[in-house]
Amino acid sequence: MFQKLKFYLMSILISASLGGIIIGANFLVHNIYNLVAGKEYHFNMWSSIIIFSVVFISGFTYILKQGPDILVND
Numbered sequence: 175m176f177q178k179l180k181f182y183l184m185s186i187l188i189s190a191s192l193g194g195i196i197i198g199a200n201f202l203v204h205n206i207y208n209l210v211a212g213k214e215y216h217f218n219m220w221s222s223i224i225i226f227s228v229v230f231i232s233g234f235t236y237i238l239k240q241g242p243d244i245l246v247n248d
């Protein structure tokens, strides 16, 4: 019971962290591009939400398909 709960919580945490890293990289790239191009910075929240959702759902689905053995370090 607790193993399954731990597996699901770890899956959510890993997927959310991966999504956050991708969002951060996207944020930095756009920031640097706008700084170099001399444009005014404008943060588009919808693109970040879409990117995070796609990365989170695909990462979570991949981990669920692999099963609990993916988190075991052998």
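If you want the working numbering, it's the 1-based position in the sequence shown plus 174.
Note that CB positions come from ideal geometry on N, CA and C, so glycine has one too.
Small disclaimer: the values here were computed from a predicted structure and weren't measured.
Assuming the contact rule is C-beta atoms closer than 8 Å, ILE231 and ILE197 should be a hit. Round their C-beta distance to whole Å, please. Rounded to whole angstroms, the Cβ separation of ILE231 and ILE197 is 14 Å, and the two are not in contact under 8 Å.
Let me check understanding here. Comparing Cα to Cα, which of MET184, GLN240, HIS204, GLY194 lies closest to ILE223? Checking every option, the nearest Cα to that of ILE223 belongs to GLY194.
Looking at the structure shown, is PHE217 part of a helix, part of a strand, or coil, going by DSSP? The answer is coil: DSSP assigns PHE217 none of H, G, I, E or B.
Give the range of the alpha helix (DSSP H) segment to which ILE197 is assigned. Its alpha helix (DSSP H) spans residues 176-211.
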